[in-house]
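Below: one structure, written as structure tokens.
Residue numbers (the numbering used here), protein chains in the order written: chain A, 393 to 705; chain B, 393 to 705.
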């Protein structure tokens with residue numbers, strides 16, 4: 393273990409969560425001990441929305457999609473007649489997510505995340521991130537990452553871990569900014585993906601986004617996504633909702649290596665939001681929270697365990 | 393650039409290919425030069441079959457499948473009545489690959505690459521690699537990697553590159569041995585993949601392999617696979633067949649960074665095999681070879697450019 397700051401988790405209050413995380417990292421990096429894990433196997437996975445930054449009032453990628461939709465409507469006003477477009481413009485996530493097939497959400501995705509080149513999509517996300525402001529906090533969305541989790545990511549880098557984002561969010565959306573914001577390179581993002589189509593156009597290679605074979609990297613999809621993209625079982629998993637329940641299982645149950653699960657519990661309605669089983673946005677947390685004691689998953693109480701919430705301010 | 397051996401490509405004869413590869417690496421790693429590429433963007437992609445090891449008389453994964461099939465038939469003798477199973481037992485790749493849908497190949501894949509857990513598949517590949525011997529060279533398959541390419545992989549590691557395998561082979565097949573054989577970790581494998589299904593069985597997490605939403609990472613699929621799994625455009629691409637043509641384009645045409653394409657040309661029927669436009673196995677090379685001069689792709693003549701072929705022997 394390389395030398396690390398006197399208190400690498402300075403924004404964490406002393407308590408069980410901080411203690412257990414530090415004890416776990418000491419255990420798996422201590423050469424010669426039975427619990428030692430060789431560096432290539434030190435794989436950590438992090439959910440993004442609600443784990444590394446907020447997911448209220450809507451997941452940030454939904455805010456991007458709703459804003460992108462306004463641009464589309466300016467060019468094609470008849471789109472505003474579509475009831476799902478109207479729901480999106482109202483930020484009505486419940487209507488968009490209704491039904492097993494989530495037809496509304498797919499309709500909005502088709503209008504905002506397909507039919508353009510990967511380069512044009514990248515540029516659209518980049519400029520939205522520059523211009524958009526969070527409706528409650530009034531700041532850039534990417535200024536709203538959680539400082540305590542940034543400290544954990546930094547500590548994992550120093551202790552020979554590879555950290556991956558494993559999120560229901562779109563890989564193409566996240567890869568635009570993960571390196572700058574989290575120090576995580578694009579190839580360490582496991583997200584929802586769909587097929588792109590390759591062609592040479594006017595002698596130049598072009599990839600066009602589609603929604604074909606959409607893979608939704610959530611819930612039971614997360615262990616599948618981890619296997620498909622990483623191909624190795626993690627030993628540390630941080631999530632905040634029942635969408636992370638399966639990957640908490642996959643990380644910690646029957647793993648031949650020591651492992652740790654961490655659940656970020658949103659308990660701070662003064663500094664951020666308070667919700668678990670009943671969330672007005674995504675991020676409902678019930679089953680995983682109930683099972684936490686049985687598996688030794690550390691529940692981080694944001695109000696009690698974190699001295700500060702956001703990285704910048 | 394860290395200090396490297398006096399001749400890091402010792403198994404390469406002096407010639408244009410070696411000279412151009414070394415000149416490219418010097419150019420992109422020289423700080424302060426216009427051609428300097430920051431480390432995170434030093435992404436190299438390598439085809440596997442025919443580029444890092446042979447693909448004759450059949451791709452090694454096909455040999456694995458045919459051997460696995462014999463095991464299945466021992467348990468279920470009626471399988472031997474299937475004409476596609478008979479073709480596989482004869483090593484008749486042409487029959488299996490016939491038709492647009494390659495139904496024969498899919499039938500064999502379904503029998504040998506689906507319906508088991510990822511752990512059981514991993515164990516099957518590992519024990520096959522221990523036991524199987526190449527019919528022509530009489531050695532373990534994983535002892536047949538090309539020494540000159542191993543030297544190139546090592547040199548790229550020393551010069552801050554991240555090397556990825558980008559192969560039509562199955563990711564699950566390759567990830568079993570890539571770290572040991574090439575020093576490339578499993579998450580840097582972009583291969584053909586299909587969905588796995590996650591379930592808790594008897595309280596333990598299990599991923600079961602299927603062929604659902606099979607993604608064949610070949611030809612036009614390779615740039616799509618690179619985008620989906622890496623999310624960043626490579627600056628160095630090594631291939632050997634028209635299946636690599638699209639990723640050679642994607643790497644080198646209109647790239648805002650300096651880039652290099654390399655084609656391994658099988659010209660040595662004494663030490664390995666000689667084929668290009670007409671291959672008895674996979675690996676046909678015609679269009680990409682013809683276009684090489686136009687794009688400055690370096691064609692490696694195995695007979696002329698390589699002092700030795702294999703790593704171990």
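Even for Gly, the Cβ is constructed at its ideal location relative to N, Cα and C.
Any idea if residue i is buried or exposed, counting beta-carbon neighbours within 10 angstroms, 16 or more meaning buried?
i, result
"residue 402 of chain B", "exposed"
"residue 705 of chain A", "The predicted position of residue 705 of chain A is uncertain, since its pLDDT is 44 and thus under 50; a value taken from the coordinates is nonetheless stated next. Its Cβ having fewer than 16 others within 10 Å, residue 705 of chain A is exposed."
"residue 637 of chain B", "buried"
"residue 470 of chain B", "exposed"
"residue 587 of chain B", "buried"
"residue 421 of chain B", "buried"
"residue 690 of chain A", "buried"
"residue 462 of chain A", "exposed"
"residue 394 of chain B", "Residue placement at residue 394 of chain B cannot be trusted, given a pLDDT of 46 that sits under 50; the coordinates are not used to answer."
"residue 698 of chain A", "buried"
"residue 696 of chain A", "exposed"
"residue 664 of chain B", "buried"
"residue 616 of chain A", "buried"
"residue 398 of chain A", "exposed"
"residue 621 of chain A", "buried"
"residue 428 of chain B", "exposed"
"residue 605 of chain A", "exposed"
"residue 430 of chain B", "exposed"
"residue 424 of chain B", "exposed"
"residue 641 of chain B", "buried"
Using only CA atoms, which one of the options lies nearest to residue i?
i, options, result
"residue 509 of chain B", "B:679, B:597 and B:703", "B:597"
"residue 721 of chain B", "B:689, B:536, B:602 and B:530", "Beyond the ends of chain B as shown, which are 393 and 705, falls residue 721 of chain B; an answer cannot be given."
"residue 693 of chain A", "A:406, A:399, A:400 and A:398", "A:406"
"residue 660 of chain B", "B:435, B:429 and B:446", "B:446"
"residue 482 of chain B", "B:502, B:641, B:449 and B:686", "B:449"
"residue 673 of chain B", "B:545, B:472 and B:452", "B:452"
"residue 410 of chain A", "A:640, A:668 and A:543", "A:543"
"residue 687 of chain A", "A:671, A:512 and A:628", "A:628"
"residue 675 of chain B", "B:519, B:440 and B:473", "B:440"
"residue 662 of chain B", "B:612, B:680 and B:702", "B:702"
"residue 400 of chain A", "A:684, A:657, A:538 and A:548", "A:548"
"residue 580 of chain A", "A:590, A:618 and A:600", "A:618"
"residue 630 of chain A", "A:671, A:607 and A:681", "A:681"
"residue 599 of chain B", "A:613, A:600, A:592 and A:601", "A:613"
"residue 476 of chain B", "B:460, B:500 and B:468", "B:500"
"residue 418 of chain A", "A:650, A:696 and A:658", "A:650"
"residue 595 of chain A", "B:489, B:560, B:497 and B:646", "B:646"
"residue 511 of chain B", "B:412, B:590 and B:498", "B:590"
"residue 603 of chain A", "A:464, A:516, A:505 and A:465", "A:505"
"residue 572 of chain B", "B:550, B:518, B:426 and B:524", "B:518"
Name the two residues that bound the continuous beta strand (DSSP E) containing residue i.
i, result
"residue 690 of chain A", "690-693"
"residue 545 of chain A", "Residue 545 of chain A -> not in any beta strand (DSSP E); alpha helix (DSSP H) instead, spanning 539-550."
"residue 593 of chain A", "588-593"
"residue 676 of chain B", "No beta strand (DSSP E) contains residue 676 of chain B, which DSSP labels as neither H nor E."
"residue 556 of chain A", "554-562"
"residue 435 of chain A", "435-438"
"residue 583 of chain A", "581-584"
Would you give the residue range spanned by the alpha helix (DSSP H) that residue i belongs to?
i, result
"residue 600 of chain A", "Note, residue 600 of chain A: premise wrong, no alpha helix (DSSP H); beta strand (DSSP E) at 596-601."
"residue 628 of chain A", "Taken as a continuous stretch (DSSP letters only), residue 628 of chain A belongs to no alpha helix (DSSP H), being part of the beta strand (DSSP E) at 628-631."
"residue 652 of chain B", "Residue 652 of chain B -> not in any alpha helix (DSSP H); beta strand (DSSP E) instead, spanning 652-659."
"residue 458 of chain B", "452-467"
"residue 480 of chain A", "475-481"
"residue 617 of chain B", "613-621"
"residue 513 of chain A", "510-523"
"residue 571 of chain B", "570-574"
"residue 429 of chain B", "Residue 429 of chain B -> no alpha helix (DSSP H), and no H or E assigned at all."
"residue 496 of chain A", "495-504"
I think residue i touches residue j, with their Cβ atoms under 8 Å apart; what is that distance to the nearest whole Å?
i, j, result
"residue 643 of chain B", "residue 653 of chain B", "6 Å"
"residue 521 of chain A", "residue 533 of chain A", "6 Å"
"residue 545 of chain A", "residue 575 of chain A", "7 Å"
"residue 438 of chain A", "residue 558 of chain A", "7 Å"
"residue 632 of chain A", "residue 443 of chain A", "5 Å"
"residue 488 of chain A", "residue 479 of chain A", "5 Å"
"residue 601 of chain B", "residue 507 of chain B", "7 Å"
"residue 669 of chain B", "residue 678 of chain B", "4 Å"
"residue 625 of chain B", "residue 578 of chain A", "Not really, about 10 Å apart at Cβ, beyond 8 Å."
"residue 497 of chain B", "residue 460 of chain B", "No, residue 497 of chain B and residue 460 of chain B are not in contact; Cβ-Cβ is about 14 Å, not under 8 Å."
Which residues in chain E sit within 9 Å of residue i, going by Cβ to Cβ distance?
i, result
"residue 642 of chain B", "Chain labels in this structure do not include chain E; the protein chains are A and B."
The stretch 560-573 of chain B touching the stretch 450-463 of chain B, judged by at least three CB pairs closer than 8 Å: The count of Cβ pairs closer than 8 Å, one atom from the stretch 560-573 of chain B and one from the stretch 450-463 of chain B, reaches three, so the stretches are in contact.
The stretch 421-436 of chain B contacting the stretch 538-556 of chain B, beta-carbon criterion three pairs below 8 Å: Segments in contact, yes.
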